[in-house]
Amino acid sequence: MKKILLFTVAALLATFFIDRAYSERNQAQLESQLVDEINKTKEETKSDYAVIDFNELFDFNWDEVYVFGPEASVKDVNKELGFKWPDATLNSVLNSEENVVVFVENKQITQYIKVPVDYGTIIPKESVVKKANN
2 MKKILLFTVA ALLATFFIDR AYSERNQAQL ESQLVDEINK TKEETKSDYA VIDFNELFDF
62 NWDEVYVFGP EASVKDVNKE LGFKWPDATL NSVLNSEENV VVFVENKQIT QYIKVPVDYG
122 TIIPKESVVK KANN
């Protein structure tokens, strides 16, 4: 019985750490894709902002996309989303040096991407979003 319990705990811990490593790698990949698109768009338009078509850029599911600037507070984010996002507080997702792009499906966060403010303003292409906040 102890061996089964020990094995179960070990398997759960391994799953947790593998999932966390995958999630961090996935976040880095999404950020890289977005930064590349921002740079390409800004170069093509010769502007300091980037209008991004998130439908074309990413293939995961989402209903709404929000862009929160570095000045956004947790209260502002939760109000705009229409629900409480625990990670915004627990993991310090919001800070004064990054924009945060948040993808929502069925009132749940499916992905979020942090992008340094040095890359400028990110504007979702209006035809692909229901809501956006800069």
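Plus 1 on top of the position in the sequence shown (first one is 1) and you've got the working numbering. Ideal Cβ placement from N, Cα and C applies to all residues, glycine included. Bear in mind that the values here come from a model prediction, so they are computed numbers and not experimental data.
Beta-carbon gap between L58 and E38 smaller than 8 Å: yes
Straight-line gap, F104 to M2 (C-alpha atoms, nearest Å): 43 Å
Rounded straight-line distance, which links the Cα of N62 to that of A51: 22 Å
Distance CB(V78)-CB(P125) smaller than 8 Å: no
Runs of alpha helix (DSSP H) wholly within the region 51 to 110 (minimum 4 residues, chain order): 55 to 58, 75 to 82 and 87 to 91
Integer Cβ distance of W86 from I110, believed to fall under 8 Å: 6 Å
Buried/exposed call for N142, threshold 16 Cβ in 10 Å: For residue 142 there is no data in the structure shown, the boundaries of the chain being 2 and 135.
Distance between K4 and K76 (C-alpha atoms, nearest Å): 46 Å
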